[in-house]
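A quick write-up on the structure given underneath.
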Amino acid sequence: MIDVHLLRYALAAAETGSFSRAAGQFRVKQSTLSKRIRHLELRLGLSLFDRSTQGVAPTPVGLRFLARARTILGDLESLSAESQALAKGTAGRLRIGFQGSLAAGDLRAIFETYRCSCPDVELEATEGARDTLLAEVQRDQLDIAIVAGEVGVAGHRSLCLWSEPLSIGMARGHPLEARAPLYWTDLRGLTFVVTAADPGPLIAAMITARLSGPGSAPKIISQSVSRDNLVSFAGGNCVAVTAGAPAATDAALLLCEVHDAFGPTRLDQGLHWRGDNANPALKRFLALVGTRYGRSLSDVLD
Numbered sequence: 072m073i074d075v076h077l078l079r080y081a082l083a084a085a086e087t088g089s090f091s092r093a094a095g096q097f098r099v100k101q102s103t104l105s106k107r108i109r110h111l112e113l114r115l116g117l118s119l120f121d122r123s124t125q126g127v128a129p130t131p132v133g134l135r136f137l138a139r140a141r142t143i144l145g146d147l148e149s150l151s152a153e154s155q156a157l158a159k160g161t162a163g164r165l166r167i168g169f170q171g172s173l174a175a176g177d178l179r180a181i182f183e184t185y186r187c188s189c190p191d192v193e194l195e196a197t198e199g200a201r202d203t204l205l206a207e208v209q210r211d212q213l214d215i216a217i218v219a220g221e222v223g224v225a226g227h228r229s230l231c232l233w234s235e236p237l238s239i240g241m242a243r244g245h246p247l248e249a250r251a252p253l254y255w256t257d258l259r260g261l262t263f264v265v266t267a268a269d270p271g272p273l274i275a276a277m278i279t280a281r282l283s284g285p286g287s288a289p290k291i292i293s294q295s296v297s298r299d300n301l302v303s304f305a306g307g308n309c310v311a312v313t314a315g316a317p318a319a320t321d322a323a324l325l326l327c328e329v330h331d332a333f334g335p336t337r338l339d340q341g342l343h344w345r346g347d348n349a350n351p352a353l354k355r356f357l358a359l360v361g362t363r364y365g366r367s368l369s370d371v372l373d
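Residue 72 is where the sequence shown starts when you use this note's numbering, and the numbers rise one by one after that.
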C-alpha cells in the first residue's frame with residue numbers, strides 16, 4: 072500500500088518543480104523528501120521525475136501517475152470532510168415523525184430552523200397518529216417523534232418545549248360568548264365535539280377529567296374531520312374543542328380559550344426519542360431545538 076504522504080510529497084515536487092521547495096512546504100529536509108520519493112519510484116518500478124540542476128519535472132509516466140494521485144487525494148479529503156460532517160450531525164439523515172399542522176406555529180419554526188442550519192441532512196418526515204409514531208421510534212424506524220401529551224415508554228427520552236392552548240369553538244350569540252375568562256365549570260351540561268384523530272383522544276380525556284362527577288360524565292362526540300373543519304360542528308348546545316387555533320373560521324363562529332384555576336388550559340407538545348439512539352443528526356437537532364427554547368444540550372440529554 073502506498074503511503075498517502077508520499078503522494079503528497081510527489082505532487083508538491085511536481086507543482087513547485089523543486090524537491091527543496093516541496094520539502095519546505097512539509098518542513099522536512101530536502102534529503103528526506105528526495106529519499107522518500109526515490110523509495111516510491113523503486114517500489115512502483117517507475118521513474119516519476121527527471122532530475123537536473125534546474126530542478127525536477129514529471130516524466131510522461133509520472134504525469135499519469137500524479138494525475139491519478141491528485142484524484143485519490145481529492146477523494147480522501149472529500150471523505151474526511153463528509154465523515155466530519157456526519158460526526159457533527161450536519162450531514163446524514165434524520166427521520167422525524169410529527170402530528171399537527173406545518174402551516175404556522177412552533178412546529179413549522181422548528182422545521183425551518185433545522186433545514187436552514189443543516190441543509191445537507193436528508194430530512195425524512197412522517198405525519199401520522201401518535202401511537203404509530205411512538206411505536207416507530209421504539210422500532211428504530213424514526214429517530215424522533217413530536218407529539219402531544221406525556222409518554223411513559225421504557226427507554227424513551229422526552230422533553231416538553233412548548234404547549235398549545237385549548238380553543239373552544241361556539242356559535243356567535245351563544246350565552247357564553249360574553250363570559251371572559253371562560254372556565255371549565257361554565258361548560259357543564261354542554262356537548263363537546265373533538266377530532267377522532269390525534270390529539271382528539273387526549274383532549275377528550277382532559278374534558279372528562281375536568282367535568283366528570285359522581286354518576287355523571289360529559290357528553291363527547293368524536294368526528295373524523297381535521298382540526299380546521301371541526302369548529303364547523305359547533306352550534307346550539309354543542310361546542311368544538313381543539314388545540315391551538317384553526318387556520319380559518321367562519322364569521323358565524325367564535326373561538327376562545329378555556330381556563331383552569333391557574334390560567335388557560337394548554338396541551339403539551341413534546342419531543343420523544345430513544346435514549347440509545349446514537350445518530351449524530353439527532354443530537355444536532357436536539358441541540359438546535361434546545362437553543363431555540365433556551366435549553367442547553369445537557370438539559371436536553373440529561
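Quick reminder that beta carbons are idealized off the backbone N, C-alpha and C, glycines included. Small disclaimer: the values here were computed from a predicted structure and weren't measured.
Cβ neighbours of residue i in the same chain (closer than 8 Å, five flanking residues each side left out)
i	result
Leu253	Ile239, Leu247, Cys327, Glu328, Val329 and His330
Gly307	Ala242
Ala200	Gln170, Ala268 and Asp269
Buried or exposed by the 16-neighbour rule on C-beta atoms within 10 Å, applied to residue i
i	result
Phe356	buried
Cys189	buried
Arg166	buried
Leu205	buried
Ser105	buried
Ile73	exposed
Thr279	exposed
Pro289	buried
Coil, strand or helix - residue i by DSSP
i	result
Val75	helix
Lys106	helix
Gln212	coil
Pro246	coil
Leu173	coil
Leu237	strand
Gln125	coil
Per DSSP, the bridge partner or partners of residue i
i	result
Gly271	DSSP, once it has assigned bridges, lists no residue as partnering Gly271.
Thr197	Gly168
Trp255	According to DSSP, Trp255 bridges with nothing at all.
Cys327	Ile239
Val192	Gly163
Ile278	Bridge partners of Ile278: none, in fact.
Ser293	Val265
Gly306	Cys309
Any chain C beta carbon closer than 8 Å to residue i
i	result
Ser303	Protein chain content of the structure displayed is limited to a single chain, and chain C is not contained in it.
7 Å Cβ shell around residue i - same chain, five flanking residues per side excluded
i	result
Phe304	Val264, Gln294 and Ala311
Thr184	Leu359 and Arg363
Thr64	No information on residue 64 is available, as it lies outside the stretch 72 to 373 that the chain covers here.
Gly271	Val265 and Ser293
Contacting residues, own chain, Cβ-Cβ under 6 Å from residue i (five flanking each side not counted)
i	result
Ala275	Val265 and Ile291
Gly220	Leu273
Stretch pair the region 73 to 84 + the region 131 to 145: three plus CB contacts closer than 8 Å | In short, these stretches touch, since the Cβ pair count reaches three.
Can you find at least 3 beta carbon pairs, one from the region 337 to 345 and one from the region 149 to 157, that sit closer than 8 Å?
-> no
Are there three or more Cβ pairs, one per stretch, closer than 8 Å when the region 210 to 217 is compared with the region 343 to 350?
-> yes
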